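Chemist: Below are the structure tokens for one structure; questions will follow.
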Amino acid sequence: MLAVLLATFAAIPIGSDLQLFVDDYLIEQLDGVRLELHHPAPQEIAIPLDKPWEGKDCAYVTVFKDGDRYRCYYRGLPDESAPEVACTAESADGIHWTKPELELYPVAGATMSNVVWVDKGAHNFAPFLDSNPGATPETKYKAVGGAPLLAFVSPDGYHWKPLQAEPILTDGKFDSHNIAFWHPVNRRYECFFRDFRDGVRTIKRSYSDDFVHWSAPEWLDFGNAPADHLYTNSIIPYFRSPGLYLGFPKRFNPTRSFCPDWPGGPGVSDGVFMTSRDGVRWHRWREAFIRPGLDPNNWNERNIQIAWGMFELSPGEISLYYLEHYRHPTCRIRRATIRTDGFVSLSADAVEGFVVTKSLEFRGNQLVLNVSTSGIGYVRCEIQDTGGNAIPGFSLQDSDEIFGDAIERVLTWGGKNDVSTLSGKPICLKFTLMDADLYAVAFRSNP
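Per the numbering used here, the very first residue in the sequence shown carries number 905; after that it's consecutive.
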């Protein structure tokens, strides 16, 4: 009885939440299977930054869905002698973008522009749509910007004003793209921002119930990962599993020069990927998520900046955005796509391997996989008790062979998919894979 109680206590309560294999959080044992990072595929140029007040030093991009449209914000800066402005663009489909003609601020000799803010904080103005149920219509849109960090509010995403004269956060450097949002699971505002630690650019977090009073900032913990310069962070709760944080920092290597005579100075950049379950302890991949690639205009400093925000514009595919050609006349925002949940997979070559999870406690009556195999590949699943024994009716021998490619594929054992008798009990999952990728799993309740 004591052993059962201890096993129950140790089980990870996953409920019916989608579980991505982006780290080793759920994994107890791997044999012939590895965690493999995947990479977005570049798509079209989404937004050319070609207005006189935009230009080659544009940066710090945020995107979010707002009802039936998509909104994008970014810094406009044609050269370092010009004033910094906050610009916006809009889209009905996330692919084709336009720049609204607003009569808010005269810039570069024009009375109509897509500029929405020009005062303090325009350098790194980062808006978001506030999903806090308690947010008032006048503060439906919020933003952070400046150094120290200032707060802004807007009723429509165009007309902005400071929330208060005083900064909301002062314990940090803030000289980069600082991110804030309402966390739907933790039910609070969270902010991730730039600071330096031992001379290295890195990230802190603070949180707040009211967007005015914030907790004492804490450093993010990257474990044994090297102390790379993380220039931006683009941290966001994953919209399909909001308890999971995803981060897409721009990593800056200040010691390399691809073009030694580049006027902007030394350095090269790429985009990396990291994840966290609590917002403080992070698993950061050393391998690049987005490389500069064959384009020589992406090999100068401070390039490949991944925007904050992502969308599922079509079934099975997530769109992200990133800034390229920084400090070139062709500076622009490009769209990229990756499989839904497809950031990392449990991957096996054409020799069978297996993975065993830690003890889990789920709710539901079906087990659903996000899975891809080759024409000869497969995945099978055994449900075990916490002692590693196959539960009768759910052994590998009972498991029907899964092959094909699907974002949601229901597992069956002898043609049956009902696992409701195990719901709420501590179990382990053993997957065998051959020439296959397993991206995510979830227990669901279906009729």
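Ideal Cβ placement from N, Cα and C applies to all residues, glycine included. Predicted model only: the values in this text are computed from it and were never measured.
#1: Tell me which residue opens and which closes the beta strand (DSSP E) that residue 969 is part of.
#2: Could you check whether the segment 1162-1181 touches the segment 1103-1123, counting it as contact only if at least three pairs of C-beta atoms, one from each stretch, sit closer than 8 Å?
#3: Do you know whose CA, among 1040, 1021 and 1037, lies nearest residue 1048's CA?
#4: So what does DSSP say about residue 1087, is it helix, strand or coil?
#5: In three-state terms, what does DSSP make of residue 1146?
#6: For the beta strand (DSSP E) containing residue 942, list its first residue and its last residue.
#7: Please go through the same chain and pick out, in chain order, the residues whose beta-carbon is closer than 6 Å to the beta-carbon of residue 1311, but skip the five residues on each side of it.
#8: Measuring straight from C-alpha to C-alpha, what distance separates residue 1292 and residue 953?
#9: CA-CA distance, residue 989 and residue 957?
#10: Take the Cβ of residue 1323 as the centre, count every other Cβ of all protein chains shown within 10 Å, and call the residue buried at 16 or more, exposed below.
#11: If residue 1092 sits next to residue 1028, beta carbons under 8 Å apart, how far is it from one beta carbon to the other, in whole angstroms?
#12: For the beta strand (DSSP E) holding residue 1346, just list the boundary residues, first then last.
#13: Have a look at residue 1007 and residue 1016 and give me their C-alpha separation to the nearest angstrom.
#14: So, are the CB atoms of residue 1212 and residue 1030 less than 8 Å apart?
#15: Just list the beta strand (DSSP E) runs in the segment 1002-1075, keeping only unbroken ones of 3 residues or longer that don't cross its boundaries, in chain order.
#16: Grab me the residues of residue 1316's own chain with a C-beta within less than 7 Å of its C-beta, minus the 5 sequence neighbours each way, in chain order.
#17: Between the C-alpha atoms of residue 1290 and residue 1262, what's the straight-line distance to the nearest angstrom?
#18: Spell out a yes or no on whether the segment 935-942 and the segment 958-970 are touching, meaning 3 or more CB-CB pairs, one atom from each, closer than 8 Å.
#19: Taking residue 1139 as the reference, which of 1109, 1077 and 1283 has the closest Cα?
#20: On a Cα-Cα basis, can you pick out the residue from 997, 1019, 1231 and 1207 that is closest to residue 1003?
#21: In the DSSP assignment, find the unbroken beta strand (DSSP E) run with residue 1279 in it and report its ends.
#22: In this structure, how does DSSP classify residue 1261 when only helix, strand and coil are distinguished?
#23: Mapping DSSP to helix, strand and coil, what is residue 906?
#24: Can you find the residues in the same chain that come closer than 6 Å, C-beta to C-beta, to residue 1300, ignoring five residues on each side of it along the sequence?
#25: Distance check for residue 1288 and residue 1331, CA to CA, integer angstroms please.
#26: What does a CB cutoff of less than 6 Å around residue 908 pick up in its chain, not counting 5 residues either side in sequence?
#27: If contacts are defined as beta-carbon pairs under 8 Å, then residue 1239 and residue 923 qualify, I think. What distance do you get, rounded to the angstrom?
#28: I think residue 1085 touches residue 1053, with their Cβ atoms under 8 Å apart; what is that distance to the nearest whole Å?
#29: Does the distance from the C-beta atom of residue 1149 to that of residue 1249 stay below 8 Å?
#30: Report buried or exposed for residue 1336, applying the criterion of at least 16 other Cβ atoms within 10 angstroms of its Cβ.
#31: Measure the alpha-carbon distance for residue 1179 versus residue 1130 and round it to whole angstroms.
#32: Can we say the segment 1194-1207 touches the segment 1254-1261, given the rule of at least three CB pairs closer than 8 Å?
#33: State yes or no: is the C-beta of residue 1251 within less than 8 Å of the C-beta of residue 1341?
#34: Check this for me: beta carbons of residue 1314 and residue 1272, under 8 Å apart or not?
#35: Have a look at residue 1255 and residue 1282 and give me their C-alpha separation to the nearest angstrom.
#36: Who are the Cβ neighbours of residue 1105 in its own chain at under 7 Å, not counting the five residues just before and after it?
Modeler: Taking the structure as given:
#1: Locating residue 969 in the sequence shown gives position 65, counting from the first residue. First-last of the beta strand (DSSP E) with residue 969: 963-970.
#2: Counting Cβ pairs under 8 Å, fewer than three are found: no touch.
#3: Taking the sequence shown and counting its residues from 1, one reaches residue 1048 at position 144. Comparing Cα positions, the closest option is 1021.
#4: Here the question's residue 1087 lines up with position 183 in the sequence shown. If DSSP states are grouped into helix, strand and coil, residue 1087 belongs with the strands.
#5: Numbered from its first residue, the sequence shown carries residue 1146 at position 242. In the structure shown, the three-state DSSP call for residue 1146 is strand.
#6: Here residue 942 refers to the residue found at position 38 of the sequence shown. No beta strand (DSSP E) holds residue 942; DSSP gives it neither H nor E.
#7: Locating residue 1311 in the sequence shown gives position 407, counting from the first residue. Hits under 6 Å: 1220, 1244 and 1274.
#8: Numbered from 1 along the sequence shown, position 388 holds the residue referred to as residue 1292. Numbered from 1 along the sequence shown, position 49 holds the residue referred to as residue 953. Rounded to the nearest angstrom, the two C-alpha atoms are 57 Å apart.
#9: Taking the sequence shown and counting its residues from 1, one reaches residue 989 at position 85. Taking the sequence shown and counting its residues from 1, one reaches residue 957 at position 53. Their Cα atoms are separated by approximately 7 Å.
#10: Start at 1 with the first residue of the sequence shown, and residue 1323 comes out as number 419. Buried, since its Cβ has 16 or more Cβ neighbours within 10 Å.
#11: As a position in the sequence shown, residue 1092 is number 188, starting the count at 1. As a position in the sequence shown, residue 1028 is number 124, starting the count at 1. Cβ-Cβ separation between residue 1092 and residue 1028: approximately 22 Å, too far for a contact (criterion under 8 Å).
#12: As a position in the sequence shown, residue 1346 is number 442, starting the count at 1. Note, residue 1346: beta strand (DSSP E), 1330-1348.
#13: By 1-based counting over the sequence shown, the position of residue 1007 is 103. By 1-based counting over the sequence shown, the position of residue 1016 is 112. Going by the C-alpha atoms only, they are around 5 Å apart.
#14: As a first step, residue 1212 is located in the sequence shown; it is residue number 308 there, counting from the start. As a first step, residue 1030 is located in the sequence shown; it is residue number 126 there, counting from the start. In contact: residue 1212 and residue 1030 (Cβ atoms closer than 8 Å).
#15: Runs of the beta strand (DSSP E) lying entirely within the segment 1002-1075 and spanning at least 3 residues, in chain order: 1019-1021, 1030-1033, 1045-1049 and 1054-1058.
#16: Looking up residue 1316 in the sequence shown gives position 412. Cβ contact annotation for residue 1316 (same chain, cutoff 7 Å, sequence separation greater than five): 1304, in chain order.
#17: One-based indexing of the sequence shown puts residue 1290 at position 386. One-based indexing of the sequence shown puts residue 1262 at position 358. Spanning the alpha carbons of residue 1290 and residue 1262 requires a straight line of approximately 9 Å.
#18: In short, these stretches do not touch, since the Cβ pair count stays below three.
#19: The sequence position of residue 1139 within the sequence shown is 235, counting from 1. Out of 1109, 1077 and 1283, 1109 has the C-alpha closest to the C-alpha of residue 1139.
#20: As a first step, residue 1003 must be located in the sequence shown, where it is residue number 99. For residue 1003, the closest alpha carbon among the candidates 997, 1019, 1231 and 1207 is that of 1019.
#21: Position 375 of the sequence shown holds residue 1279. DSSP places residue 1279 inside the beta strand (DSSP E), whose first and last residues are 1270-1288.
#22: Within the sequence shown, the letter at position 357 stands for residue 1261. For residue 1261, the three-state secondary structure derived from DSSP is strand.
#23: Working through the sequence shown from its first residue, we reach residue 906 at position 2. Below a pLDDT of 50, predicted positions are generally treated as unreliable, and residue 906, at 36, falls in that range; the measurement from the model is reported next regardless. Here DSSP, grouped into helix, strand and coil, assigns residue 906 to helix.
#24: For the purposes of this step, residue 1300 is taken as residue 396 along the sequence shown, with counting starting at 1. Correct list, in chain order: 1284 and 1286.
#25: Translated into the one-based positions of the sequence shown, residue 1331 becomes position 427. Translated into the one-based positions of the sequence shown, residue 1288 becomes position 384. Cα atoms of residue 1331 and residue 1288: separation of roughly 6 Å, rounded to the nearest angstrom.
#26: In the sequence shown, counting from the first residue as 1, residue 908 sits at position 4. Low confidence applies to residue 908: its pLDDT is 43, below 50, so where it sits in the model is not reliable, and the reading given next is rough at best. Sequence-distant partners of residue 908 (beyond 5 residues in either direction) whose C-beta falls short of 6 Å from its own C-beta are missing from its chain.
#27: Taking the sequence shown and counting its residues from 1, one reaches residue 1239 at position 335. Taking the sequence shown and counting its residues from 1, one reaches residue 923 at position 19. Wrong, their Cβ atoms sit about 27 Å apart, outside the cutoff.
#28: On the sequence shown, position 181 is the one that residue 1085 refers to. On the sequence shown, position 149 is the one that residue 1053 refers to. With 8 Å as the limit, residue 1085 and residue 1053 do not qualify as a contact, their Cβ atoms being about 14 Å apart.
#29: Taking the sequence shown and counting its residues from 1, one reaches residue 1149 at position 245. Taking the sequence shown and counting its residues from 1, one reaches residue 1249 at position 345. Contact flag unset, no.
#30: As a working mapping, residue 1336 is identified with position 432 in the sequence shown. So residue 1336 counts as buried.
#31: Stepping through the sequence shown from its first residue, residue 1179 is reached at position 275. Stepping through the sequence shown from its first residue, residue 1130 is reached at position 226. Approximately 16 Å, taken between the alpha carbons.
#32: By the Cβ test, the segment 1194-1207 is not in contact with the segment 1254-1261, since fewer than three Cβ pairs between them sit closer than 8 Å.
#33: Along the sequence shown, read from residue 1 onward, the residue named residue 1251 stands at position 347. Along the sequence shown, read from residue 1 onward, the residue named residue 1341 stands at position 437. Yes, the Cβ-Cβ distance between residue 1251 and residue 1341 is below 8 Å.
#34: Within the sequence shown, numbered from 1, the residue matching residue 1314 stands at position 410. Within the sequence shown, numbered from 1, the residue matching residue 1272 stands at position 368. Between residue 1314 and residue 1272, the CB-CB gap stays under 8 Å.
#35: Numbered from its first residue, the sequence shown carries residue 1255 at position 351. Numbered from its first residue, the sequence shown carries residue 1282 at position 378. Roughly 11 Å between the two C-alpha positions.
#36: Start at 1 with the first residue of the sequence shown, and residue 1105 comes out as number 201. Taken in chain order, the residues that qualify are 1098, 1133, 1134, 1135 and 1156.
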